[in-house]
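Here's the structure we're looking at; comments come further down.
Chains as they are written, first to last, in our numbering: chain L, 1 to 380; chain S, 381 to 711.
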């Protein structure tokens with residue numbers, strides 16, 4: 001799928017990180033047995049007021065936004081034809097495959113009547129007014145598209161060069177689809193909360209939720225590519241891809257500025273400034289969340305700052321935290337179903353989420369070590 | 381990659397356009413009309429004595445086949461105050477076992493009925509059967525439906541996938557989930573629609589001794605509510621029992637009503653209407669805009685996805701761009 005060459009990095013698989021991830025996986029399996037045997041109430045703190053908790057906010061919302069690297073890079077490389085970033089595509093697709101697949105799997109932990117999930121694809125059941133229907137179908141389709149996009153790497157790893165070559169001839173269609181689908185569902189993940197109406201604080205409730213969710217997802221996509229490349233280089237003792245990351249991160253401050261203009265424009269136009277400076281939990285969370293967007297915009301704005309890997313890493317990290325916070329705020333902190341309802345995730349809920357993350361870590365380690373994902377050294 | 385000043389201006393202008401579009405009221409779907417034979421309930425808190433007969437009978441008559449609480453593991457799903465005190469049903473709020481609840485509001489010394497100062501009032505909470513229900517709009521698999529003729533909002537466990545988006549969407553927190561079941565479902569009031577075939581109606585109204593809850597056509601209930609608001613406070617008037625068109629009436633002293641019938645306009649209107657002597661916010665009812673949240677949400681979706689034209693055009697453009705940028709390589 002590439003001009004440049006990729007290579008499995010090899011090395012020992014059973015590292016400490018790997019074993020710790022396996023331990024968390026076992027804990028998750030035990031807790032999931034309890035969840036499926038005794039119901040959601042046995043392991044989670046979710047309730048009729050806060051019907052969605054950590055699993056939706058983190059595993060689905062943040063999980064898929066972190067998995068937008070593939071989407072963001074495809075947009076840049078194939079749609080805006082910036083071929084020089086090609087070496088970053090395959091690792092980005094890998095994390096996207098894992099992120100989205102795991103988000104899809106964790107939805108099965110969360111939904112109550114999972115054995116009827118196929119109803120979502122039966123035309124006589126689909127409700128075309130439902131934002132959830134669009135999100136579910138779109139994510140489902142995108143998981144399939146991502147695996148198709150990742151198949152050449154798999155096929156090459158298994159020595160099936162022919163399969164990879166044939167698939168690459170029609171790949172342009174899946175690349176197009178692979179940009180359309182996340183554009184649709186990452187924005188709809190914002191629209192999802194519009195129907196919550198006044199249950200969502202005015203600081204987050206707006207008809208512009210789809211716009212804000214889409215821009216922030218793309219921004220998080222570029223940030224995760226930068227973050228992962230720097231982290232991976234240091235963990236696997238590979239040279240830093242600073243030159244390319246420096247150029248790539250030039251797009252980030254502009255996206256942040258558009259995001260902030262829309263975010264604050266909406267607040268000002270609708271006279272919501274009073275909520276911002278009410279100095280209660282919601283107001284403070286809003287300030288912190290947006291400060292986390294402003295700082296990386298300032299950090300990355302001067303061109304010369306982008307050549308410093310430390311600054312790049314910090315800025316990417318802050319954006320990932322900011323985007324995560326925006327999602328947690330929209331789905332949990334800013335959500336108030338009325339007096340008397342409380343929610344904070346239970347230990348079991350948190351452990352299951354950690355288990356899901358550990359599956360991603362295990363998968364990533366296996367794939368970069370055994371399959372040609374990362375750029376071959378001395379070439380890229 | 382570096383962006384030029386011109387690009388920035390374009391982006392800023394784009395953001396402005398987005399802002400303008402997002403704040404435009406025309407984005408909402410048109411307001412929904414009341415179904416032709418819509419049925420509902422009128423609850424008059426000034427007539428309610430808090431006897432909880434409606435709660436008991438709601439449970440009894442919905443635990444039979446076809447009822448909203450059917451099937452159950454063991455008989456009627458009572459909520460006992462303590463496991464060793466199995467004498468009476470005492471739920472604190474609505475739950476998957478309690479689809480109708482009487483709550484009390486008390487202020488100060490709490491001696492004056494229907495008064496905001498040193499007074500108290502009861503309130504009966506259950507599904508509002510909205511004219512434009514958020515739960516129906518939200519449900520991805522059409523498990524929640526609004527009956528085209530009676531307007532009753534029903535639930536089908538055979539369609540439901542348990543995503544609980546209905547619970548997020550409902551402004552009244554009505555749909556309840558069975559958190560402690562391995563194979564759970566959503567439970568909600570279905571206005572005793574399983575009893576209509578035998579000429580019966582909502583059990584809560586049939587067993588209300590004072591006429592605080594009456595069943596009937598929504599248009600009749602609206603007229604009855606307006607009639608009550610026009611009555612002179614302190615006089616004795618005939619109030620119908622059980623149904624709005626009932627021949628059985630009881631003379632009751634007219635209380636001081638708040639000049640507001642809850643449900644005529646709230647969230648696009650509801651088929652459950654409430655009257656009270658104290659503000660509805662004190663009774664725990666949310667202060668909702670007249671536009672249904674479902675209309676806003678559907679407006680956004682249908683603007684973006686009308687006929688799937690915009691996504692199809694975008695896909696064509698994306699596939700073309702991808703083709704152009706990959707055709708020179710072996711990819």
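The C-beta atom is built at its ideal place from N, Cα and C for all residues, glycine as well.
DSSP lists S:419 as the bridge partner or partners of residue 597 of chain S. Residue 295 of chain L has a beta carbon lying at 8 angstroms or more from every beta carbon in chain S. In this structure, residue 481 of chain S lies near residue 435 of chain S, with their beta-carbon atoms less than 8 angstroms apart.
Under the 8 angstroms criterion on CB atoms, residue 699 of chain S is classed as interfacial with respect to chain L. Using a Cβ-Cβ cut-off of 8 angstroms, residue 30 of chain L is close to nothing in chain S; its nearest Cβ partner there is about 16 angstroms away. Interface residue (Cβ-Cβ distance to chain L less than 8 angstroms): residue 560 of chain S is classified as such. Judged by DSSP secondary structure, residue 346 of chain L falls outside any alpha helix (DSSP H); it is assigned neither H nor E. Taking residue 175 of chain L as the centre and dropping the five residues before and after it, the same chain places the C-beta of 74, 78 and 149 closer than 8 angstroms to its C-beta, in chain order. Between residue 289 of chain L and chain S, the shortest Cβ-Cβ separation is not below 8 angstroms.
Residue 47 of chain L belongs to the set of residues whose beta carbon lies under 8 angstroms from a beta carbon in chain S. Residue 499 of chain S: member of the beta strand (DSSP E) spanning 499-505, first to last residue.
Any Cβ of chain S closer than 8 angstroms to the Cβ of residue 113 of chain L would place that residue at the interface, and such an atom is present. The alpha carbon of residue 334 of chain L has as its nearest neighbour, out of L:370, L:27, L:276 and L:154, the alpha carbon of L:276. Pairing residue 446 of chain S with residue 571 of chain S, the inter-Cα distance amounts to about 12 angstroms.
In this structure, S:543 is the residue among S:543, S:577, S:586 and S:582 with its C-alpha nearest to the C-alpha of residue 565 of chain S. For residue 493 of chain S, the beta-bridge partners assigned by DSSP are S:500. Within chain S, 521, 539 and 541 have C-beta atoms less than 7 angstroms from the C-beta of residue 119 of chain L, given in sequence order.
As the crow flies, the alpha-carbon of residue 497 of chain S is around 50 angstroms from that of residue 186 of chain L.
With respect to residue 427 of chain S, residue 439 of chain S sits apart: the two C-beta atoms are not nearer than 8 angstroms.
Under a criterion of Cβ atoms nearer than 7 angstroms, the residues of chain L adjacent to residue 557 of chain S are, in order, 48, 51 and 112. By the neighbour-count criterion, in which a residue is buried when 16 or more other Cβ atoms sit within 10 angstroms of its Cβ, residue 509 of chain S is buried. Looking at the DSSP output, residue 375 of chain L bridges to L:6. Just measuring C-alpha positions, the residue of L:278, L:17, L:63 and L:271 sitting nearest residue 320 of chain L is L:63. Under the Cβ distance rule, residue 570 of chain S does not count among the residues neighbouring chain L, no pair being separated by less than 8 angstroms. Not a single C-beta of chain L is nearer than 8 angstroms to the C-beta of residue 448 of chain S. One finds 680 and 684 in chain S with Cβ atoms closer than 8 angstroms to the Cβ of residue 210 of chain L, taken in chain order. Taken through DSSP and simplified to helix, strand or coil, residue 122 of chain L comes out as coil. Counting only the Cα atoms, residue 293 of chain L lies some 29 angstroms from residue 107 of chain L. Judged by beta-carbon spacing, residue 43 of chain L lies within the 8 angstroms limit of residue 34 of chain L, meaning their Cβ atoms are closer than that value. In the DSSP assignment, residue 465 of chain S forms a beta bridge with S:462. By alpha-carbon distance to residue 516 of chain S, the top candidate from S:491, S:495 and S:548 is S:548.
In this structure, the straight-line span from the alpha carbon of residue 41 of chain L to that of residue 110 of chain L is close to 11 angstroms. Counting along the chain, residue 681 of chain S sits inside the alpha helix (DSSP H) bounded by residues 673-685. In this structure residue 519 of chain S touches residue 546 of chain S by the C-beta definition: roughly 6 angstroms separates them, less than 8 angstroms.
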